[in-house]
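**Student:** Take the sequence shown: its position 385, counting from 1, is numbered 385 in the UniProt record's numbering, and each next residue is one higher.
Glycine included, each C-beta is placed from N, C-alpha and C at the ideal position.
Mind having a look at this structure? Questions to follow.
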Amino acid sequence: MKKIFFICGIGLALLVINSCKQDVRGPITKDSVAPGPISNVTVINLNGAAKISYSVPADADLLYVKASYKTKQGVVRETKVSRYNSDLTVVGFGDTSAYQVTLYAVDKSENASSPLEVTVHPLTPTVKIVRDSLTVTPDFGGINIKFFNSTEESMAIVVLTNDSLGQFSPINTNYTNLKKGDFSIRGLPSTPTKFGVFVRDRWGNLSDTLIVTLTPLFEELLDRTKMKGLVLPTDAPLGYNGTIAGLFDGNTQDGFYHTGDAARMPQWFTYDMGVTAKLSRLSWFMRPGFFYTLHNPRVVEIWGSNNPNPDGSYDSSWTLLVVHTQIKPSGLPEGQLSQADIDAATAGETVTFPLNTPKVRYIRFKTLKNWSNGTYVNFYELMMWGDTK
Numbered sequence: 001m002k003k004i005f006f007i008c009g010i011g012l013a014l015l016v017i018n019s020c021k022q023d024v025r026g027p028i029t030k031d032s033v034a035p036g037p038i039s040n041v042t043v044i045n046l047n048g049a050a051k052i053s054y055s056v057p058a059d060a061d062l063l064y065v066k067a068s069y070k071t072k073q074g075v076v077r078e079t080k081v082s083r084y085n086s087d088l089t090v091v092g093f094g095d096t097s098a099y100q101v102t103l104y105a106v107d108k109s110e111n112a113s114s115p116l117e118v119t120v121h122p123l124t125p126t127v128k129i130v131r132d133s134l135t136v137t138p139d140f141g142g143i144n145i146k147f148f149n150s151t152e153e154s155m156a157i158v159v160l161t162n163d164s165l166g167q168f169s170p171i172n173t174n175y176t177n178l179k180k181g182d183f184s185i186r187g188l189p190s191t192p193t194k195f196g197v198f199v200r201d202r203w204g205n206l207s208d209t210l211i212v213t214l215t216p217l218f219e220e221l222l223d224r225t226k227m228k229g230l231v232l233p234t235d236a237p238l239g240y241n242g243t244i245a246g247l248f249d250g251n252t253q254d255g256f257y258h259t260g261d262a263a264r265m266p267q268w269f270t271y272d273m274g275v276t277a278k279l280s281r282l283s284w285f286m287r288p289g290f291f292y293t294l295h296n297p298r299v300v301e302i303w304g305s306n307n308p309n310p311d312g313s314y315d316s317s318w319t320l321l322v323v324h325t326q327i328k329p330s331g332l333p334e335g336q337l338s339q340a341d342i343d344a345a346t347a348g349e350t351v352t353f354p355l356n357t358p359k360v361r362y363i364r365f366k367t368l369k370n371w372s373n374g375t376y377v378n379f380y381e382l383m384m385w386g387d388t389k
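Right under this line is the structure:
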């Protein structure tokens, strides 16, 4: 029994010690003496921001420098940097107005120096730069938006149109930090439609809205059940239970195309769409679990014909329709995937055909390079869009 009391006593003592440790707050030593003020301030104005350089006071217990400023919406923002920095950057300005920034030196006891006010004049914010660069044009099944983002800041480009209730509402938001790029909105009828496009940054600043009325180009999803392989003498040999039919079974998780050991790069396969169409786009779906790696096509050529030579040669019966290189959205090394990569792979890799593409019935899918620089080609599904009229 004595042993039990002894153990319990030790436990209580440890509990008390731990409780005391958890109650310790703030610096070990504390004073009420504020550090000296910030001095020797210079400003370099940036796009939607400003870089402020300064000298810190010679206080031994100086901890950090703080900048405080208020947006046009009345939101107070703070930027804090270590005592070892000689500059800081204030960000998130939505226009080029003059803003007052107040600088403080703060010590280990959280004593703040007397304030030093400095005026900054931010340059044109990125939301306006991107907004002014926007070009919107009709595309198959919708519209295409091109943009330029010289600062490469993270932006959201929001597209609006009238919904089923007649409300002018967002239908797509494209998140990007690319220097330049474009994206398309699909699945819209070929009728005159009012669209709006604006830009938003991570601080909530909004550009004005670009309003356009455009008519999407007509397209329809081609019937996959009419599509079938057309095996020609020069086509790549199949292997590992791969079939051309697997590309048209409507399943992105099963039924696949896979070439065999004897295949070499470049390699191709041929298929009959079952209809003659002016193609607008093609999408292929990578092998699940192996996005942007291994045997998935990376650089391809799409050829079209209405009367392919039965000897399988690339003669005048074939026309090169488009060359396409798949780009991994994140740019991460092989084996690493961002959510943007996963979303893009799940949606399918889209190849857009030029507007002057001739009407064809037969397609030759030619792979110049896969993601592993190997000799196999393997993927799971193909979809085609176009105009058969």
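#1: Whose C-beta lies closer than 6 Å to the C-beta of residue 180 among residues of the same chain, with five residues either side of it excluded?
#2: Determine the DSSP secondary structure at residue 22, reduced to helix, strand or coil.
#3: Here's a check: name, in chain order, each residue in its chain whose Cβ is nearer than 7 Å to the Cβ of residue 25, leaving out the five neighbours to either side.
#4: In the DSSP output, which residue or residues are listed as bridge partners for residue 53?
#5: Would you call the segment 287-304 and the segment 366-379 touching, i.e. three or more CB-CB distances under 8 Å?
#6: Buried or exposed: which applies to residue 226, given that a residue is buried once 16 or more other Cβ atoms fall within 10 Å of its Cβ?
#7: Distance, Cα to Cα, residue 352 vs residue 338?
#8: Between residue 212 and residue 47, what straight-line distance do the alpha-carbon atoms span, to the nearest angstrom?
#9: Enumerated in chain order, which unbroken segments of the alpha helix (DSSP H) with a length of 4 residues or greater are wholly contained in the UniProt domain "DUF5000" (251-386)?
#10: Helix, strand or coil, according to DSSP, for residue 131 in the structure here?
#11: Quick check: the Cα distance between residue 193 and residue 96, rounded to an integer number of angstroms?
#12: Grouping DSSP H, G and I as helix and E and B as strand, with all else coil, what is residue 168?
#13: Which term fits residue 85, buried or exposed, when burial requires 16 or more other beta carbons within 10 angstroms of its beta carbon?
#14: Just the Cα atoms here: how many angstroms apart are residue 415 and residue 140?
#15: Starting from the C-beta of residue 116, find all residues in its chain whose C-beta is less than 6 Å away, skip the five residues before and the five after it, and write them out in chain order.
#16: Relative to the alpha-carbon of residue 354, which residue among 342, 319, 245 has its alpha-carbon at the smallest distance?
#17: Taking three-plus beta-carbon pairs below 8 Å as touching, is the segment 60-69 in contact with the segment 169-177?
#18: Counting Cβ pairs, one atom from each stretch, are 3 or more of them under 8 Å apart for the segment 198-207 and the segment 278-285?
#19: Helix or strand or just coil, what does DSSP make of residue 247?
#20: Taking the straight line between their C-alpha atoms, what separation do you get for residue 131 and residue 144?
#21: Short check: CB of residue 120 to CB of residue 43, under 7 Å?
**Tutor:** Reading from the atomic positions:
#1: 148
#2: Legend: pLDDT at residue 22 = 38, less than 50; position of this residue unreliable, value from coordinates given subsequently. Looking at residue 22 - three-state DSSP - the assignment turns out to be helix.
#3: Confidence is the limiting factor: at residue 25 the pLDDT is only 45, short of 50, which leaves the residue's position unreliable and the question unanswerable from this model.
#4: 42, 87
#5: yes
#6: exposed
#7: 24 Å
#8: 27 Å
#9: 339-347
#10: helix
#11: 34 Å
#12: strand
#13: exposed
#14: Here the chain covers residues 1 to 389 and nothing more, so residue 415 does not appear.
#15: 37, 38, 103
#16: 319
#17: no
#18: no
#19: helix
#20: 15 Å
#21: yes
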